[in-house]
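Single-structure report; data block below.
Numbering (the numbering used here), first residue to last: -18 to 210.
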């Protein structure tokens, strides 16, 4: 059975190979099945469930859920892919701006200043484009209805991270003169390599939730990551 932890200060979800490994994660809550997750979530505000979902890689962000049970069920199904089909890490990470970001084993939920109210739990409603009136047709041709314009997927508005959070600390490291390395972030944040790479990737939380672009360059025998102010 998989063992999951969710960190209280960052909502970072990680899958562990054993219960002992999960218990070693400080300031976190543990769960191993959907029922256990639902029990933990019973005490969470609705905004936290939304932030957790919106931080999951490959999922379309939402503003509301129908109800708490729906939120828990969708989050549980989405995190089943964590820890599967992760390629072996190379000695040097590839440049960050790639068309296909590395597989993510963890999710990073960052609280934004524009928190979504806890209630009511209403299903997300995408605006519909009005039908376009057909142009003037010739006498021998039947007028046709123009195709509807596709509705763009709803995206989460970028915002500043919570002061003092791990995300804000990482951003400060990336913005300092000379940037920082993967190893320095891992040491400071006490993250695993795949977690750190996921945060820095083109599809990671820094870009997805805060609109920041992380660049990398080879300096000597090390790769340095930075955010240009």
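Where a beta carbon is used, it is the ideal one built from N, C-alpha and C, also for glycine.
Keep in mind that this is a model prediction, so the values were computed, not measured.
Could you give the DSSP three-state label for residue i: helix, strand or coil?
i: residue 198; result: strand
i: residue 29; result: helix
i: residue 131; result: Below a pLDDT of 50, predicted positions are generally treated as unreliable, and residue 131, at 49, falls in that range; the measurement from the model is reported next regardless. Here residue 131 sits in coil by DSSP.
i: residue -5; result: strand
i: residue 72; result: Confidence is the limiting factor: at residue 72 the pLDDT is only 46, short of 50, which leaves the residue's position unreliable and the question unanswerable from this model.
i: residue 43; result: coil
i: residue 24; result: coil
i: residue 55; result: helix
i: residue 146; result: coil
i: residue 190; result: helix
i: residue 36; result: helix
i: residue 62; result: helix
i: residue -12; result: strand
i: residue 1; result: helix
i: residue 156; result: helix
i: residue 141; result: coil
i: residue 151; result: helix
Would you mind working out which of the options sits nearest residue i, comparing C-alpha positions?
i: residue -9; options: 171, 194, -16; result: 171
i: residue 141; options: 45, 29, 165, 189; result: 189
i: residue 185; options: -18, 39, 31, 25; result: 39
i: residue 30; options: 7, 207, 45; result: 45
i: residue 0; options: 179, -13, -18, 8; result: -18
i: residue 196; options: 149, 159, 6; result: 159
i: residue 153; options: 173, 187, 183, 182; result: 187
i: residue 16; options: 56, 8, 32; result: 56
i: residue -14; options: 151, 161, 183, 60; result: 60
i: residue 21; options: 6, 50, 37, 183; result: 50
i: residue 205; options: 165, 26, 63; result: 165
i: residue 23; options: 48, 191, 37; result: 48
i: residue -6; options: 33, 203, 26; result: 33
i: residue 35; options: 12, 191, 145; result: 191
i: residue 37; options: 25, 26, 201, 58; result: 58
i: residue 178; options: 151, 201, 200; result: 151
I think residue i touches residue j, with their Cβ atoms under 8 Å apart; what is that distance to the nearest whole Å?
i: residue -16; j: residue -3; result: 4 Å
i: residue 19; j: residue 53; result: 5 Å
i: residue -11; j: residue 10; result: 7 Å
i: residue 174; j: residue 167; result: 6 Å
i: residue 162; j: residue 203; result: 5 Å
Give the range of the alpha helix (DSSP H) segment to which residue i is assigned.
i: residue 166; result: 163 to 170
i: residue 10; result: First-last for residue 10: 9 to 12, but that is the beta strand (DSSP E), not the alpha helix (DSSP H).
Measuring from the CB of residue i, is there a heavy atom of the ligand MN at a distance below 7 Å?
i: residue 204; result: No copy of the ligand MN appears in this structure; indeed no ligand is present at all.
The beta strand (DSSP E) that contains residue i, what's its start and end?
i: residue 205; result: 203 to 207
i: residue 178; result: Where residue 178 is concerned, there is no enclosing beta strand (DSSP E), although the alpha helix (DSSP H) it sits in stretches over 174 to 181.
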